[in-house]
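Residue numbers (UniProt numbering): 1 to 708.
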């Protein structure tokens, strides 16, 4: 077997089961960090000599660092290597555990907890590694299990922490966590392969800073609003700051060549709707977890609680975690049979059924936990489907970044659920007959129905994800799901090396790089392989199953698309030169007589200036095609003083509009097919036509409907 560069490969590939096991255990370890200190929170004020509000930072800081770090680590994984970032995340958990274990100061323990929270960033990276290295039939079950670890760790963490704290010193929690992380770091180094699918370029430091500030302000306001008050100046100021910084971050990401988060890809219908559903599903998942844990620990005098200890609660929660593990292969099988869209919908509906059960069945611990387990089954299904949908809709070189954003939005959902539960319970707090303060069951009911609404909202959003177009015979895709029309269809076999990585550039006829152009590769029979967007230097990267002959299609804003059957191999391919601009053209006449030198001015329907051109001797004019939309074209003959304006709608193809100054009536417009004016089909820098001859002074062309 040969490597992408053509060298012989002699090292045997690790077994599929071993890779899945190691990555899933890593996911379980980092999700443990979220619940590891929960049983100790009531005692930490006394242990560390601080207030309850300050002690809550031991939980809040892990949430903040995980959310802020996830998009950054995911982007770095795509750029510098996924295994490398796994090692970095595990190292952060080890260092954080050691710092917390060796300190008795609140500030230092909070620092250690913050470092440990960075470990959660490895979940989307692990999912991307599975996509890169596992055979097609195993990707679905591996991704489902990796996604389920977010719930598994929470279920296991409670009883584990309770048992350790009841029998040992509190420092032992962090020694155990750090020791587990050391074992998993060794396993990662020995078992997990490194991916060769990487994205070159510069890291978006400005985008990372802006997003970090926005997330920190938002999550800090949401997580601390319960103690600060939702109407407090500090909470409102943080929310306002988050909105303002986010408003600056989005245009920056649209302008930069290699963004931290590709906004254009993220707004593709499948990605946008999946991420929107993720927020609501994450909300419902954490609302179920929080209320399950708290309800069974409430005193029996409340009329709905059962007075269980922390350890007993954890043991009752274990079946839900085990059920999520057991559902992983089942979810993967269902996704292969019915597709991820339908399974996301079904999973969200099952979660809603579980919440309805929570509202109606609460007479015993068994009823409560059975209803919670139903919601956990739905969570496992939905969490398995979301990464699959994301990976099918983004370039192969951006899978970690895309899954990182999806994980981040799930975290925003869980944070919102935590804040909502805290606010509702605080508002519904009463004193029980035994003299203890506890929320009313009506407060629980409000949370249950909010979870139901969130889950059904997620299902409704998922229903608008486009169904794949039917095809004759579908080959398995890289995600282990029968590939619909337009999806990549390479089948990976056991031990196969990662894809061949092809890099190239898209240039203008003058040799200038074209940013935000789109390069798409298809098999010669039309099956989709991969696509990529160019950066500020016009560079793109594509991941192919093997070297060979492919159909390469390149499109760029304002340029006629080009296509050709080419041989692609690892490394740098020859640049693609776009040969012809898409044009808005026509003739200016005065009662049928050509008007030489007439000025043509184009503005948007809303008044913004677009460009100016001058007619040739025969009255012909040309302007670079503006973005699709409504415009006003004005023709002026300075010699006669005549001027006429005409409204027109521009699509993504060359357009012709003739204007007669005397009659003011445009001659019949003609939509010119893309192949008739300025469409090249020759790649590798050759051209089938000369440049346009019209004298134009176009304004900079704006993005005009990049294909999605």
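Using N, Cα and C, we set each Cβ at its ideal position, and we do this for glycine too.
The structure presented is a predicted model; accordingly, all values stated were derived computationally and were not measured.
CA-CA distance, residue 545 to residue 500, rounds to 6 Å.
In this structure the segment 621 to 636 touches the segment 581 to 598; the number of beta carbon pairs closer than 8 Å is three or more.
Taking one beta carbon from each stretch, the segment 339 to 351 and the segment 383 to 391 have 3 or more pairs nearer than 8 Å; the two touch. Residue 646 holds the alpha-carbon nearest to the alpha-carbon of residue 633 among 355, 276, 646, 543.
In the DSSP assignment, residue 87 falls within the unbroken alpha helix (DSSP H) covering 82 to 101. No alpha helix (DSSP H) of 4 residues or more sits fully in the segment 576 to 626. In the three-state reduction of the DSSP assignment, residue 646 falls in the strand class, which pools E and B.
Here residue 531 is buried. Its C-beta has 16 or more other C-beta atoms within 10 Å. Secondary structure at residue 133: helix, using DSSP grouped into helix, strand and coil. Annotation for residue 530: the continuous beta strand (DSSP E) segment containing it runs 528 to 533.
Taking a C-beta distance under 8 Å as the contact criterion, residue 124 and residue 407 qualify as a contact pair. In terms of CA proximity to residue 650, 583 leads the group 583, 616, 591, 594. When C-beta atoms of the segment 312 to 320 are compared with those of the segment 371 to 381, three or more pairs fall below 8 Å, so the two segments count as touching. Under DSSP, the beta-bridge partners assigned to residue 630 are 649. DSSP places residue 523 outside both helix and strand once states are collapsed to three, so it counts as coil.
In the DSSP assignment, residue 289 falls within the unbroken alpha helix (DSSP H) covering 269 to 297.
Counting along the chain, residue 208 sits inside no beta strand (DSSP E); it lies in the alpha helix (DSSP H) bounded by residues 205 to 228. Sixteen is the threshold: when 16 or more other Cβ atoms of the shown chains lie within 10 Å of the Cβ of residue 335, as they do, the residue is buried. Nearest C-alpha to residue 161 among 33, 60, 447: 33. For residue 540, the enclosing beta strand (DSSP E) has its first and last residue at 539 to 544. Residue 202 carries a coil assignment under DSSP once its states are collapsed to helix, strand and coil. The Cβ-Cβ distance between residue 328 and residue 145 falls below 8 Å. Looking at the DSSP output, residue 369 sits in no beta bridge, so it has no partner there. Contact check for residue 600 and residue 615: beta-carbon distance about 7 Å, within the 8 Å limit, so the pair qualifies. Residue 316 is bridged by DSSP to nothing; it lacks a bridge partner. The C-beta distance from residue 429 to residue 437 rounds to 6 Å, short enough to fall under 8 Å. Scanning the segment 381 to 435 for uninterrupted alpha helix (DSSP H) segments of 4 residues or longer gives 399 to 427, listed from N- to C-terminal end. One Cα belongs to residue 611, the other to residue 138, and the distance between them is close to 54 Å.
According to the DSSP secondary-structure assignment, residue 550 is paired through a beta bridge with 566. When 348, 357, 362, 394 are compared, the shortest CA-CA separation from residue 382 is found for 348.
Just measuring C-alpha positions, the residue of 565, 80, 285 sitting nearest residue 409 is 285. Taking a cut-off of 8 Å on C-beta distances, the segment 243 to 253 does not touch the segment 102 to 113, as fewer than three cross pairs fall below it. In this structure, the beta-carbon distance from residue 22 to residue 192 falls below 8 Å. Going by DSSP, residue 342 is part of the alpha helix (DSSP H) stretching over 340 to 360. Its chain contains no residue whose beta carbon lies nearer than 6 Å to that of residue 548 once the 5 sequence neighbours on both sides are disregarded. Using a Cβ distance threshold of 8 Å, residue 273 and residue 152 do not count as a contacting pair.
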